[in-house]
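Trainee: In my numbering, the protein residues as written are 47 to 410.
I have a structure here, written as structure tokens, and I will follow up with some questions on it.
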């Protein structure tokens with residue numbers, strides 16, 4: 047999979063600009079604030095239908111403009127097509143895939159596969175379990191539409207249940223209502239947990255191999271999925287979740303929110319037998335997060351038969367020359383779009399220079 051061209055109109059600090067990407071390594075150079083990250087953000091929005099940087103998507107529209115547009119020509123193993131996204135000044139979005147309107151996010155997510163690594167991804171190791179669940183949800187949603195649909199439905203029901211729990215004190219019919227929501231949470235939650243378990247089991251092997259190369263075999267990385275359910279099949283997990291939800295009902299009423307389910311799960315991260323979430327150094331955090339992201343790309347290829355587009359935002363500045371070289375070697379075979387302030391590695395790359403939202407290809 048690769049992006050042949052990317053057109054931006056009124057997106058962040060880009061008025062009108064087109065990128066023509068090569069199928070290998072593409073390097074976007076420029077000073078801080080020039081708009082390098084904005085270009086990667088636009089690709090992520092096309093892929094996931096939301097920004098990785100802001101929940102207020104009206105901020106994506108250039109100041110004093112009534113809309114923004116992002117359009118990409120994408121080449122996949124079975125042919126090429128277009129993705130066209132429009133964002134109005136209020137942040138409302140609409141998309142076209144191959145010229146046809148998309149009615150639901152589930153129809154867009156997965157059309158363009160991406161893996162993004164940015165300085166913010168350091169949070170994947172040391173921050174809260176929510177960051178690691180987000181990592182799982184993005185990776186699995188792009189690969190499996192059934193997962194994305196189950197996740198959206200689970201989150202909708204969870205929100206309804208939590209809103210009810212905040213106000214149900216003294217309601218004689220509260221248990222009847224909660225039983226209905228719990229049955230739905232167990233149904234959708236079983237899909238989520240079963241697929242996360244299988245995904246993390248495979249991801250563990252891929253990430254360990256990448257991390258071994260990045261660390262010169264000095265460190266051993268191990269990942270695991272932490273959840274209360276011990277079953278492997280969806281039926282087994284559904285029954286376990288239903289029992290756990292019923293047992294926690296009185297507790298949930300007192301606290302005012304649901305305390306059981308995949309929205310509470312986590313990924314364990316072990317480095318040489320120690321809990322990386324507690325003891326990893328800053329350098330280890332960076333290497334582990336990068337290994338998990340590159341492993342995500344490998345998992346995508348195994349599921350879809352082709353690599354996603356790899357987006358690397360300002361990753362070279364924190365790596366020494368040896369690790370920079372290893373990273374580029376590990377991206378072989380993927381279309382990679384990398385941003386940096388300067389690039390001096392002796393490898394083939396198509397280079398772009400960005401100044402204040404204006405792009406020039408090197409050599410032109």
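Glycine is no exception: its CB is placed at the ideal position from the N, C-alpha and C atoms.
Bear in mind the structure is a predicted one, so any value in this text is a computation, not a measurement.
Hey, out of 334, 61, 322 and 273, whose CA is closest to residue 306's CA?
Mentor: Closest by alpha carbon: 273.
Trainee: Give me the Cα-Cα distance between residue 66 and residue 81, rounded to the nearest whole angstrom.
Mentor: Using only the alpha carbons, I get a separation of about 16 Å.
Trainee: Between which residues of its own chain and residue 112 is the CB-CB distance below 6 Å, once the five residues before and five after are set aside?
Mentor: Cβ within range, chain order: 135.
Trainee: Should residue 229 and residue 283 be called a contact, given that it needs their Cβ atoms to be closer than 8 Å?
Mentor: No, they are not a contact pair.
Trainee: Going by other Cβ atoms of all chains shown within 10 Å of its Cβ, with 16 needed for buried, is residue 464 buried or exposed?
Mentor: What the structure shows of the chain is the stretch from 47 to 410, and residue 464 is not part of that stretch, so it cannot be assessed.
Trainee: Quick one: residues in its chain with C-beta nearer than 6 Å to the C-beta of residue 382, no 5 flanking neighbours on either side, listed in chain order?
Mentor: Cβ within range, chain order: 71 and 356.
Trainee: Between residue 405 and residue 63, which are expected to be in contact by the criterion C-beta below 8 Å, what is the C-beta distance as a whole number of angstroms?
Mentor: At roughly 5 Å, the Cβ-Cβ gap stays under 8 Å, so residue 405 and residue 63 are in contact.
Trainee: Please list the terminal residues of the continuous beta strand (DSSP E) segment that includes residue 43.
Mentor: Residue 43 falls outside the range modelled here, since the chain spans only 47 to 410, and no answer is possible.
Trainee: Below 8 Å on the Cβ atoms is my guess for residue 146 versus residue 92; work out the distance and round it to an integer in Å.
Mentor: That pair is no contact at about 15 Å.
Trainee: So residue 73 packs on residue 397, CB below 8 Å; how close in whole Å?
Mentor: The Cβ separation is near 5 Å, so the contact holds.
Trainee: Helix, strand or coil for residue 78, going by three-state DSSP, please let me know.
Mentor: Residue 78 falls in the coil class under three-state DSSP.
Trainee: Under the assumption that residue 332 contacts residue 168 (Cβ atoms under 8 Å), give the Cβ distance between them as a whole number of angstroms.
Mentor: Sure, about 6 Å apart at Cβ, within 8 Å.
Trainee: Enumerate in chain order the residues of its own chain whose CB-to-CB distance from residue 206 is below 8 Å, with the five nearest sequence positions on each side excluded.
Mentor: Once the five neighbours on either side are set aside, the close Cβ partners of residue 206 are 227.
Trainee: Residue 157: buried (16+ other C-beta within 10 angstroms of its C-beta) or exposed?
Mentor: Buried is the call here.
Trainee: According to DSSP, which residues form a beta bridge with residue 127?
Mentor: Paired residues: 120.
Trainee: For residue 348 and residue 259, I'd like the C-alpha separation in whole angstroms.
Mentor: Straight-line Cα distance between these residues: approximately 20 Å.
Trainee: Report the residue ranges of all alpha helix (DSSP H) runs contained in full by the region 170 to 201; include only those spanning at least 4 residues, in chain order.
Mentor: Those alpha helix (DSSP H) runs which fall completely within the region 170 to 201 and span 4+ residues are 175 to 189.
Trainee: Can you pull the DSSP bridge partners for residue 384?
Mentor: 73 and 358.
Trainee: Between the Cα of residue 123 and the Cα atoms of 351, 408 and 360, which residue gives the shortest distance?
Mentor: When each option's Cα is compared against that of residue 123, the closest is 351.
Trainee: By the three-class DSSP mapping on this structure, what secondary structure does residue 401 have?
Mentor: Residue 401: strand per DSSP, three-state reduction.
Trainee: Determine the DSSP secondary structure at residue 234, reduced to helix, strand or coil.
Mentor: Looking at residue 234 - three-state DSSP - the assignment turns out to be helix.
Trainee: Helix, strand or coil for residue 84, going by three-state DSSP, please let me know.
Mentor: Helix.
Trainee: Could you check the C-alpha separation between residue 213 and residue 302 for me, to the nearest Å?
Mentor: Looking at the two C-alpha atoms, the distance is approximately 8 Å.
Trainee: First and last residue of the beta strand (DSSP E) that includes residue 272?
Mentor: That run of the beta strand (DSSP E) goes 267 to 272.
Trainee: Which whole-angstrom value is the C-beta distance of residue 385 and residue 174, which I expect to be below 8 Å?
Mentor: So it is not a contact: roughly 27 Å between Cβ atoms.
Trainee: Distance, Cα to Cα, residue 322 vs residue 102?
Mentor: Computed Cα separation, rounded: 32 Å.
Trainee: Indicate the three-state DSSP secondary structure (helix, strand or coil) for residue 262 in the structure shown.
Mentor: Residue 262: coil per DSSP, three-state reduction.
Trainee: Roughly how many angstroms lie between the CA atoms of residue 217 and residue 210, to the nearest whole one?
Mentor: Computed Cα separation, rounded: 10 Å.
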